[in-house]
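Input: a single structure, listed below in structure tokens.
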Ligand code: GUN
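Numbering (the working numbering), first residue to last: 3 to 285.
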């Protein structure tokens with residue numbers, strides 16, 4: 003039976019540190035750290051994520067400014083709001099919850115977020131810096147995964163890491179972080195041939211596919227480290243990851259559960275990125 007990586011406990015530990023530093027900032031700056039959260043439309047998963055992000059801000063003493071725009075909002079109005087937030091001194095970080103409704107161009111919107119307020123690490127400049135191994139704001143979910151590996155003393159250097167999924171939010175930045183940490187990285191996706199044989203070669207496997215229980219025990223090498231980024235509902239409506247936890251846990255060395263694994267780390271790293279964005283401008 004694998005060691006279960008406790009994302010909830012690690013998130014609580016890091017959030018306690020963040021809370022102390024946020025209080026320090028508030029004292030020195032004489033104002034609160036501000037995070038703007040923009041949600042467009044009624045996507046129910048996004049509504050839950052945004053609610054949790056706002057709650058997490060409150061818990062560590064960051065002031066959140068929520069903007070709820072209707073699903074048919076014109077691009078010009080969304081752009082206008084972001085441009086306004088970009089120039090607002092109360093706002094240290096800007097987050098536009100993705101995905102945006104079909105008619106909106108997310109690239110156009112994200113480009114308007116100044117690099118130093120890009121707490122999601124989605125701006126082209128931050129993505130470029132990540133690829134170049136430079137200091138930058140890093141996408142929260144993959145950043146959280148790296149913190150988990152670090153906490154549990156899991157070596158990445160020279161290890162074969164397989165990332166399943168190539169999204170801009172998780173797969174691609176995850177692969178870059180692992181590469182920057184000296185792993186040998188393979189990115190798999192829906193067109194990959196022989197996915198099973200790619201996966202079974204992995205010392206570290208990160209599943210970010212969005213399909214319930216997609217990664218099964220036969221795809222896992224004995225003793226591998228299994229990180230599950232999935233957040234799905236199974237046939238009975240129960241929350242589950244991309245990994246078939248029950249069978250995989252007996253074959254691997256470490257595994258993240260769903261819920262209680264990667265999920266709590268994502269918001270924690272958002273708080274961390276917001277803190278760093280604020281501290282950067284204080285000195
Ligand atoms: N949608 C899914 N994950 C994320 C995230 O980390 N940030 C934003 N802004 N949108 C998301």
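A virtual CB, placed ideally from N, CA and C, is assigned to each residue, including glycine.
Nearest to residue i by CA position, among the options, is which residue?
{"i": "residue 59", "options": "263, 273, 221 and 181", "result": "273"}
{"i": "residue 54", "options": "232, 269, 64 and 23", "result": "269"}
{"i": "residue 186", "options": "195, 159 and 85", "result": "159"}
{"i": "residue 254", "options": "229, 238 and 235", "result": "229"}
{"i": "residue 52", "options": "20, 38 and 62", "result": "38"}
When the Cα atoms are used, what is the spatial distance from residue i to residue j?
{"i": "residue 252", "j": "residue 6", "result": "11 Å"}
{"i": "residue 145", "j": "residue 179", "result": "8 Å"}
{"i": "residue 181", "j": "residue 188", "result": "10 Å"}
{"i": "residue 121", "j": "residue 68", "result": "15 Å"}
{"i": "residue 191", "j": "residue 162", "result": "17 Å"}
{"i": "residue 57", "j": "residue 276", "result": "14 Å"}
{"i": "residue 1", "j": "residue 271", "result": "This structure cannot settle anything about residue 1, because the visible part of the chain is limited to 3 through 285."}
{"i": "residue 136", "j": "residue 183", "result": "12 Å"}
{"i": "residue 236", "j": "residue 91", "result": "44 Å"}
{"i": "residue 131", "j": "residue 140", "result": "9 Å"}
{"i": "residue 282", "j": "residue 40", "result": "23 Å"}
{"i": "residue 222", "j": "residue 16", "result": "30 Å"}
I'd like to confirm the pairing. Which residues does DSSP put opposite residue i in its beta bridges?
{"i": "residue 235", "result": "241"}
{"i": "residue 190", "result": "166"}
{"i": "residue 136", "result": "For residue 136, which the question treats as bridged, DSSP gives no partner whatsoever."}
{"i": "residue 69", "result": "40"}
{"i": "residue 64", "result": "Note: residue 64 sits in no beta bridge, so no partner."}
{"i": "residue 289", "result": "No information on residue 289 is available, as it lies outside the stretch 3 to 285 that the chain covers here."}
Contact criterion: CB-CB distance below 8 Å. Does residue i meet it with respect to chain B?
{"i": "residue 133", "result": "The question asks about chain B, but that chain is absent: this structure has only one protein chain."}
Just to confirm the assignment, what range does the alpha helix (DSSP H) spanning residue i have?
{"i": "residue 198", "result": "197-202"}
Between which two residues does the beta strand (DSSP E) carrying residue i extend?
{"i": "residue 208", "result": "206-209"}
{"i": "residue 98", "result": "95-98"}
Validate contact between the region 244-263 and the region 186-201 using beta carbons, cut 8 Å, 3 pairs = By the Cβ criterion, the region 244-263 is not in contact with the region 186-201, since fewer than three pairs of Cβ atoms, one from each stretch, lie closer than 8 Å.
ask   = Given 8 Å as the limit, is there contact between the region 210-222 and the region 240-247, that is, 3 or more CB pairs closer than that?
value = Yes, since at least three Cβ pairs between the region 210-222 and the region 240-247 fall closer than 8 Å, the two stretches touch.
key: Three-pair Cβ contact test at 8 Å for the region 115-135 versus the region 94-103   = The region 115-135 and the region 94-103 touch, with no fewer than 3 CB-CB distances between them shorter than 8 Å.
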